[in-house]
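Asks: After the structure tokens below, expect a handful of questions from me.
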Amino acid sequence: MMLLTALVLTGLAPAVVYGQNWDASRHAWYSSDSNNDWHNAVPIGNGRLGALVFGSITEKLTLNENSVWSGPWQDRVNPGAKNAVSGIWNNLVAGKITDAGNSAMSNLAGNPTSPRAYNPLVDLNIDFGHGALNSVSNYSRWLDTLDGTSGVSYVKNGVSYKREYVASYPHGVLAFRLSASDTGKLNADISLWREKWIQSQTATLGSSNAAGHSVGLNANSGQSSNAINFWSGARIVNTGGTVKSNGKNVSISGADTIVIFFNAETSYRYGDANQAQAELNRKLNAAVSAGYPAVRDAAVSDFTALAGRVKLNLGSSGNAGNQPVPNRLKNFRTSPASDPQLITLMYNFGRHSLIASSRDTGPRSLPANLQGLWNKDYSPAWQSKYTININLEMNYWPSSITDLAETQKPVFDLLNVAIPRGQDVAKRMYGCNEGFVLHHNIDLWGDAAPVDKGTPYTVWPMGGAWLSHDAMEHYRFTQNTTFLRSTVWPALQQTSQFLFCYLKLWNNYYTLGPSLSPEHAFIVPNSGGLSQSGKQEGLDLSIEMDNQLIRNVMSDVIETCSLLSLSAAECSRAQTYLPKIRPPGISPSTGRIMEWRSDYPESEKGHRHFSPLFSLFPGNRFTPLVNNTLATASKKLLDFRLQSGSGSTGWSRTWAINLYARLFEGDSAWSHIQQFVQKFPSDNLWNSDSGPGSSFQIDGNFGFVAGLTESLVQSHVTVEDGKTRLVHLVPAVGKSVKKGSVAGLVARGNFVVQSLSWDDGGKFVDAKILSRSGGMFAVRVGDGKGRFEVSGGGSGGVVAGGGNGANSKGIETTAGQVFTVKAVA
Ligand SMILES: *[C@@H]1O[C@H](CO)[C@@H](O)[C@H](O)[C@H]1NC(C)=O
Ligand SMILES: *[C@@H]1O[C@H](CO)[C@@H](O)[C@H](O)[C@H]1NC(C)=O
Ligand SMILES: *[C@@H]1O[C@H](CO)[C@@H](O)[C@H](O)[C@H]1NC(C)=O
Ligand SMILES: *[C@@H]1O[C@H](CO)[C@@H](O)[C@H](O)[C@H]1NC(C)=O
103 MMLLTALVLT GLAPAVVYGQ NWDASRHAWY SSDSNNDWHN AVPIGNGRLG ALVFGSITEK
163 LTLNENSVWS GPWQDRVNPG AKNAVSGIWN NLVAGKITDA GNSAMSNLAG NPTSPRAYNP
223 LVDLNIDFGH GALNSVSNYS RWLDTLDGTS GVSYVKNGVS YKREYVASYP HGVLAFRLSA
283 SDTGKLNADI SLWREKWIQS QTATLGSSNA AGHSVGLNAN SGQSSNAINF WSGARIVNTG
343 GTVKSNGKNV SISGADTIVI FFNAETSYRY GDANQAQAEL NRKLNAAVSA GYPAVRDAAV
403 SDFTALAGRV KLNLGSSGNA GNQPVPNRLK NFRTSPASDP QLITLMYNFG RHSLIASSRD
463 TGPRSLPANL QGLWNKDYSP AWQSKYTINI NLEMNYWPSS ITDLAETQKP VFDLLNVAIP
523 RGQDVAKRMY GCNEGFVLHH NIDLWGDAAP VDKGTPYTVW PMGGAWLSHD AMEHYRFTQN
583 TTFLRSTVWP ALQQTSQFLF CYLKLWNNYY TLGPSLSPEH AFIVPNSGGL SQSGKQEGLD
643 LSIEMDNQLI RNVMSDVIET CSLLSLSAAE CSRAQTYLPK IRPPGISPST GRIMEWRSDY
703 PESEKGHRHF SPLFSLFPGN RFTPLVNNTL ATASKKLLDF RLQSGSGSTG WSRTWAINLY
763 ARLFEGDSAW SHIQQFVQKF PSDNLWNSDS GPGSSFQIDG NFGFVAGLTE SLVQSHVTVE
823 DGKTRLVHLV PAVGKSVKKG SVAGLVARGN FVVQSLSWDD GGKFVDAKIL SRSGGMFAVR
883 VGDGKGRFEV SGGGSGGVVA GGGNGANSKG IETTAGQVFT VKAVA
């Protein structure tokens, strides 16, 4: 890209770019430091260790390790629960909603009300003696979303200084390289720092520069017994210069280059302090002996292999893309059409963040929490927990569809930690001797008790059901039968056991209560046999989303029993229960899907959650090709919510993108894609709750990737015998979307859309589909009216023409076959 020329020609203020060939879709770059603002600093990570790079002239890196939380497991079960549950049910049945809610708050809410909070690890400070931003020139810093690295460069007294930051998954460490263009010009005072609960701090000089010098900091989570302990350390390898230490810092002067390797280990994964420290040093020693270039190269090739699986092209921005990110965000607010590559960059940043914050790092790996991996606070917003009434699930919406299924493994590790906790809670709170239950948040211990204290959110026993269903979805993409047997089945079996125990026949339907529609209160109406009307309440029974989740669990159980030829008791019980779950209600007055058992007035017409539309997305039963009546009623609710102010948080807005994509409303999906980028990203591209600089939550970054992907490829429908997977190409591309292409998206059934291109307005051109696991697929294109041909698979042409929402007949495949789909006039 002729960047400098372009800037000169258009007369834009010359950005200081060192002639670097920034790619507007790939690099987020900045011409000033983050001004100590964490919504402007750049995140990198290896799935366990994270760094937030401030890029200040005196550098500060906020470092994280994903098992550093505020304390040990807590038994928060309310001892009054077991005796109170049936009385609460009776009150709900009798229409005494407020009495039920009051009793639930005293008898079911946990004590204490909160699980543990995610906490910071340490800061790494590097003082170069270079003063502040105004004392250097030619400053730039960047994030490369394709290779996962970040960097800073500037000029001081005629010398160019450069820093490179790498998070290495293969070596399990963070690696930083500091360099200067002239020999002997690099000074650095390097130290670790933490605000609280430091146990010991060390700085020691090694036997030689090549062997490395060390700084270390050990701390804990602050309890006098049973605290989470952690050990962190940096190994500093310099070429040239002299080194001193004062017991806390390592100071180097006159060096040519300095390399810092960093690691931390915690008692969450290593019960014994010696083991943890041995692991800390094992990784650091291995990195020092491999050397920086090898560590960097391995990290970059590992990261690039994952990030590079999907390539999205929405067209070029030209000069509008040749600017630092804050300028691009600002320009996008007034002219979104001018910078389509900012949308691509947001997409790539989302996938970068998923790879950086969620990897299989071995036993007890931990998933991306509310802030992914990055946190500087001891009391972060919402404890930076795993919120499982939407947010954790949303974090993984882009995983399988953008060919990053392996990033989801930590979710199932955590689920396996949570299941025994949930069995204990099922027994002690609900009197269920089989099965497990989770409420709306868990922490790293799988804390299964209810969280916080409010009738619209606390008593929601469906978290385990949602996560178990997500495990089934993971199977649908990967077709990994080992995973189905080892992980999906135990989770589904035990979720269903809890439901068989806890559901009651009421009005001829298997009904769950007390429960709630996540975080949304209603006004108790003076009808439907309810007394105590007029109050704002949350607790009820037969919640619409619960019924949808229960239906999914029952049919997932049935499907798994059939796939694995199981004859467990749950297989036939699920068959009995499935037809006896209350069907969705459609409001006779508004035509909308009803959120509760009858048409309650909602407390917030524009509520941010779209819980009653779970079955439109991420579920599939309300989608147009499955049930058009329910799709129409869903659209009515969705439009109404948005007209009333929903989409008010970043994550909520991205859920709306996914929902419109599932309704084949491409123009609306695209409009919300643009509005999301206009309203929510902070300067470092993090999703925010209410606009740049406001509370950070990573879920919106991930929901954004999913929504854009859902507009390009969908695969939630089966046709013909119910086993043929429908691969739906360009189902919801907006009319104003220009010619573009995408490579590497994945459909359920493990069909990879290796390439897909469209013309202006989202008109299908062609695609290549790889069958990775064999099986049957059919194709539908756009609105189902366009004609196309399918060929390949080694057995001659396949001619289009099918039914059931598909345009082509089911195509039998074997693993490894590639099919070409081409539009024909
Ligand atoms: C260690 O380094 C930090 C950060 O550069 C600095 O603030 C502090 O004064 C240093 N401490 C000592 C004892 O030199
Ligand atoms: C710094 O930027 C100026 C003007 O933008 C440029 O002329 C100069 O070559 C740059 N210096 C270096 C070392 O890149
Ligand atoms: C399939 O699942 C098993 C169990 O989770 C796992 O060990 C294995 O790596 C998976 N296979 C693939 C190809 O991902
Ligand atoms: C669609 O859903 C409605 C409401 O549950 C149901 O009555 C109808 O039978 C469904 N239609 C189809 C085609 O499944």
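Take any residue in the sequence shown, count from 1 to its spot, add 102: that is its number in this note's numbering.
C-beta: ideal position from N, C-alpha, C; glycine also.
All values derive from a computational prediction rather than experimental measurement.
Using three-state DSSP, classify V815 as helix, strand or coil.
Replies: Strand, per DSSP.
Asks: Taking A401 and V268 to be in contact with their CB atoms under 8 angstroms, please state how far apart those CB atoms are, rounded to whole angstroms.
Replies: Yes, A401 and V268 are in contact; Cβ-Cβ is about 5 angstroms, under 8 angstroms.
Asks: According to DSSP, is F782 part of a helix, a strand, or is it coil?
Replies: DSSP places F782 in coil when its eight states are reduced to three.
Asks: Out of L651, A735, T341 and Y370, state which residue places its alpha-carbon closest to the alpha-carbon of I360.
Replies: Nearest C-alpha to I360: T341.
Asks: Nearest CA to the CA of E536: which residue from K870, Q599, G795 and T368?
Replies: The option with the nearest alpha carbon to E536 is Q599.
Asks: For G752 versus G802, is the C-beta spacing smaller than 8 angstroms?
Replies: Taking 8 angstroms as the Cβ cut-off, G752 and G802 qualify as a contacting pair.
Asks: Counting along the chain, where does the alpha helix (DSSP H) carrying K737 start and finish?
Replies: Where K737 is concerned, the enclosing alpha helix (DSSP H) stretches over N730 to Q745.
Asks: Where the beta carbon is closer than 6 angstroms to any heavy atom of ligand 3, which residues qualify, in chain order?
Replies: Every residue passing the under-6 angstroms Cβ criterion appears here: N582, T584, F585, S588 and T589.
Asks: Three Cβ pairs or more, each shorter than 8 angstroms: is that satisfied between the segment 544-553 and the segment 210-222?
Replies: Counting Cβ pairs under 8 angstroms, three or more are found: they touch.
Asks: Quick check: S817 and A849, are their CB atoms within less than 8 angstroms of each other?
Replies: Yes, these two residues count as a Cβ contact at 8 angstroms.
Asks: Can you give the Cα-Cα distance for R882 and L732, rounded to whole angstroms?
Replies: Rounded to the nearest angstrom, the two C-alpha atoms are 21 angstroms apart.
Asks: Buried or exposed: where does V926 fall if 16 or more other Cβ atoms within 10 Å of its Cβ makes it buried?
Replies: That one is exposed.
Asks: Closer than 7 angstroms by C-beta to A108: which residues in its own chain qualify, once you throw out the five before and the five after it? Chain order, please.
Replies: Note that A108 scores a pLDDT of 32, beneath 50, so its modelled location is shaky and nothing firm can be said.
Asks: Three Cβ pairs or more, each shorter than 8 angstroms: is that satisfied between the segment 609-618 and the segment 525-539?
Replies: Flag = no, the segment 609-618 and the segment 525-539 do not touch.
Asks: Could you name the residues of the same chain whose beta carbon sits closer than 7 angstroms to that of G231, not counting the 5 residues immediately before and after it, in chain order?
Replies: So the qualifying residues of the chain are N289.
Asks: Could you say which of F853, V257 and I800 lies nearest to M448 if we only look at CA atoms?
Replies: Selected option, being the one with the closest Cα: I800.
Asks: Which same chain residues, not among the five before or five after S736, have their C-beta less than 6 angstroms away from its C-beta?
Replies: Within the same chain, S736 has close Cβ partners I695, L715, L718 and F724.
Asks: Okay, do the segment 492-503 and the segment 746-761 touch, 3+ Cβ pairs below 8 angstroms being the bar?
Replies: Output reads yes: the segment 746-761 touches the segment 492-503.
Asks: Can you give me the Cβ contacts of E167 inside the same chain, cut-off strictly under 7 angstroms, excluding the 5 residues immediately before and after it?
Replies: Hits under 7 angstroms: R150, L151, L223, F332, A366 and T368.
Asks: Report all residues for which the CB-ligand distance to some heavy atom of ligand 4 is below 6 angstroms; order them along the chain.
Replies: My final list is P685, P686, N729, T731 and L732.
Asks: State the Cα-Cα distance for the pair A380 and T306, rounded to the nearest angstrom.
Replies: Those two C-alpha atoms are separated by around 17 angstroms.
Asks: Can you name the residues that DSSP bridges to N415?
Replies: For N415, which the question treats as bridged, DSSP gives the partners S843.
Asks: Between the Cα of D515 and those of T504, L569, S481 and W295, spot the shortest distance and give me the residue it belongs to.
Replies: Nearest C-alpha to D515: L569.
Asks: Quick one: is the Cβ of N240 within less than 7 angstroms of any heavy atom of ligand 2?
Replies: Checking the Cβ of N240 against ligand 2 gives yes.
Asks: In this structure, what does DSSP give as the bridge partners for W608?
Replies: Bridge partners of W608: Y611.
Asks: Counting only the same chain and skipping the five closest in sequence on each side, list residues whose C-beta sits under 6 angstroms from that of K707.
Replies: These residues qualify, in order along the chain: S746.
Asks: Would the beta-carbon of S281 be found less than 7 angstroms away from any heavy atom of ligand 2?
Replies: Every heavy atom of ligand 2 is 7 angstroms or more from the Cβ of S281, so no.
Asks: Taking DSSP as the reference, what is the three-state secondary structure of Q473?
Replies: Three-state DSSP puts Q473 in coil, outside helix and strand.
Asks: Could you round the C-beta distance between A409 and I457 to whole angstroms and report it? I think they count as a contact, below 8 angstroms.
Replies: Between I457 and A409 the Cβ distance is about 6 angstroms, and since that is below 8 angstroms, they are a contact.
Asks: Can you list, in chain order, the residues of its chain whose CB lies under 7 angstroms from that of S355, leaving out five sequence neighbours each side?
Replies: The answer, listed in chain order, is N289, G343 and T344.
Asks: What is the DSSP secondary structure of M878, counted as helix, strand or coil?
Replies: The answer is strand: DSSP assigns M878 an E or B state.
Asks: According to DSSP, simplified to helix, strand and coil, what is L163?
Replies: In this structure, L163 counts as strand in the three-state DSSP scheme.
Asks: Between the Cα of F778 and the Cα atoms of S797, G805 and G768, which residue gives the shortest distance?
Replies: Of the listed residues, the one whose Cα sits closest to F778 is G805.
Asks: Going by alpha carbons, who is nearest to K350 out of T406, I292 and P482?
Replies: Ranking T406, I292 and P482 by Cα distance to K350 puts I292 first.
Asks: Note down the Cα distance separating F879 from M656, rounded to an integer number of angstroms.
Replies: Taking the straight line joining both Cα atoms gives about 25 angstroms.
Asks: Using 8 angstroms for Cβ pairs, my map puts D861 next to F766. What's the rounded Cβ distance?
Replies: In fact, because the Cβ distance is near 18 angstroms, the residues do not count as touching under 8 angstroms.
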